[in-house]
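Using our numbering, the first residue of the sequence shown is number 16, and each one after it goes up by one.
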Amino acid sequence: MLLPLVILSTIVTISPLLGLLGTVRGMIIAFNVIGVAGVGEAGALAGGIAEALYTTAFGLSIAIP
Numbered sequence: 016m017l018l019p020l021v022i023l024s025t026i027v028t029i030s031p032l033l034g035l036l037g038t039v040r041g042m043i044i045a046f047n048v049i050g051v052a053g054v055g056e057a058g059a060l061a062g063g064i065a066e067a068l069y070t071t072a073f074g075l076s077i078a079i080p
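In structure tokens form, the structure reads like this:
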């Protein structure tokens, strides 16, 4: 009976960290696009920023009760 609670607690603890990892990855992609395509390519830049925001929101939505 205690094992499912431990697993749930682990998931809730790790989720924000995975969201933060996704944020860092998304920002790396965004800065890479800036380096390759230049600052004027807003459409290409938006993909990395969107990925960063989605992973942050998903991680927080799991962790917040």
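Even for Gly, the Cβ is constructed at its ideal location relative to N, Cα and C.
Option nearest residue i by Cα separation, candidates the options
| i | options | result |
| --- | --- | --- |
| residue 42 | 71, 76 and 77 | 71 |
| residue 45 | 36, 34, 59 and 37 | 59 |
Rounded Cβ spacing between residue i and residue j (contact assumed at less than 8 Å)
| i | j | result |
| --- | --- | --- |
| residue 63 | residue 39 | The Cβ separation is near 11 Å, so there is no contact. |
| residue 27 | residue 78 | 5 Å |
| residue 74 | residue 24 | Not really, about 15 Å apart at Cβ, beyond 8 Å. |
| residue 67 | residue 37 | 7 Å |
Buried or exposed (CB count within 10 angstroms, at least 16 for buried), residue i
| i | result |
| --- | --- |
| residue 53 | exposed |
| residue 50 | exposed |
Residue i beta carbon near the ligand PLP (any heavy atom closer than 6 Å)
| i | result |
| --- | --- |
| residue 24 | The ligand content of the structure shown is nil, which means the ligand PLP is not present either. |
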